[in-house]
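Working notes, beginning with the structure itself.
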Amino acid sequence: MADSTDNQSSRIPDPKDNPTDHHSHLRHALALAQLSPPKPTNYRVGALLLNPSTSTILSTGYTLELPGNTHAEQCCLQKYAALHNLPEERVSEALPPDTVLYTTMEPCNLRLSGNLPCVERIVRAGRIRRVYFGVGEPEEFVGVNEGRKRLRECGVECVKVEGLEEEILEVATAGHVKEEDGSTKQ
């Protein structure tokens, strides 16, 4: 089920038939990531917010979906807040308790652009209790990402879903300059 802020085509997988299938939710997020324009300076990431008690997708997002240097998780939260006529800073007023976030890549803990990191946005939202992600953030741009550690310190459970790493990284790094051996050029 797509959220009302989402005008995506039917090619995006719909996990409603098996709401506890984390791979299905991550595949949905991966399809969203593919909508992000390939650039050498960012990762193409997709994300979705889920109400676990109803298995309803509340909002979706992908890198650069909204104006500015926006990340997928940021877009999810901004779109959901806008749907409820709230600024993102007050999105907790509309989020259901125990909201779940699915994201293809571990949320960032540092932004070179100076924008608020996604980890801080998640913590500020206050009602996201669990984050499922497909890959850790590669060290290419900011070095070691301590997003998981920071989220756990703030009471947000982080769960790495195994099995889609290769697919996720292929999509995430599209547009990056590759070395002859296939690795991403730094």
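Residue 1 is where the sequence shown starts when you use full-length UniProt numbering, and the numbers rise one by one after that. Note that beta-carbon positions come from the ideal geometry of N, C-alpha and C, so glycine has one too. Note that the structure is a prediction, hence the values are computed from the model and not measured.
DSSP three-state assignment for residue i, whether helix, strand or coil
i      : result
Cys158 : strand
Arg121 : helix
Arg111 : coil
Asn69  : coil
Pro19  : Any reading at Pro19 is ruled out, since the residue's pLDDT is 46, under 50, leaving its predicted position unreliable.
Lys79  : helix
Leu169 : helix
Ala174 : coil
Ser36  : coil
Arg11  : For Arg11, the predicted structure reports a pLDDT of 44, less than 50, and the residue's modelled location is therefore unreliable. A value from the coordinates is still provided. Correct three-state label for Arg11: coil.
Proximal residues to residue i (C-beta, below 6 Å), its chain only, five neighbours per side dropped
i      : result
Pro97  : Arg127
Val100 : Leu50, Pro52 and Arg130
Glu166 : none
Glu88  : Leu77, Gln78 and Ala81
Ser36  : Arg44, Tyr62, Thr63 and Leu64
Leu32  : Gly46, Thr60 and Tyr62
Tyr132 : His22, Tyr102, Val159 and Val161
Residues bridged to residue i (per DSSP)
i      : result
Ala47  : Gly61 and Thr103
Val135 : Met105
Thr56  : Asn51
Arg127 : Answer by DSSP bridge pairing: none, since Arg127 is not bridged.
Cut-off 7 Å between Cβ atoms - residues of its own chain near residue i, not counting five sequence neighbours on either side
i      : result
Ala29  : Gly46, Ala47, Leu48, Tyr102, Thr103 and Thr104
Ala174 : Pro38 and Arg44
Arg148 : Glu106 and Cys158
Ser9   : Caution is warranted here: a pLDDT of 36 is assigned to Ser9, below 50, making its placement in the model unreliable, and no coordinate value can be reported.
Arg152 : Cys158
Ser92  : Ala125, Gly126 and Arg127
Glu73  : Ala47, Gly61, Leu101, Thr103, Pro107, Cys118, Arg121 and Ile122
Continuous alpha helix (DSSP H) stretch holding residue i: start and end
i      : result
Gly147 : Gly147 to Glu153
His22  : His22 to Ala33
Proximity below 8 Å, CB of residue i to CB of residue j
i      : j      : result
Val123 : Cys158 : no
Leu110 : His23  : no
Leu66  : Cys75  : yes
Arg90  : Val119 : no
Val171 : Gln34  : yes
Val156 : Leu26  : no
Asn69  : Asn115 : yes
Proximity test, residue i beta-carbon vs the ligand FAD heavy atom, cut-off 7 Å
i     : result
Pro52 : For the ligand FAD, the structure offers nothing, since it holds no ligand at all.
Own chain, CB closer than 8 Å to residue i, minus 5 neighbours either side, in chain order
i     : result
Leu95 : Leu49, Leu58, Tyr80, Ala125, Gly126, Arg127 and Ile128
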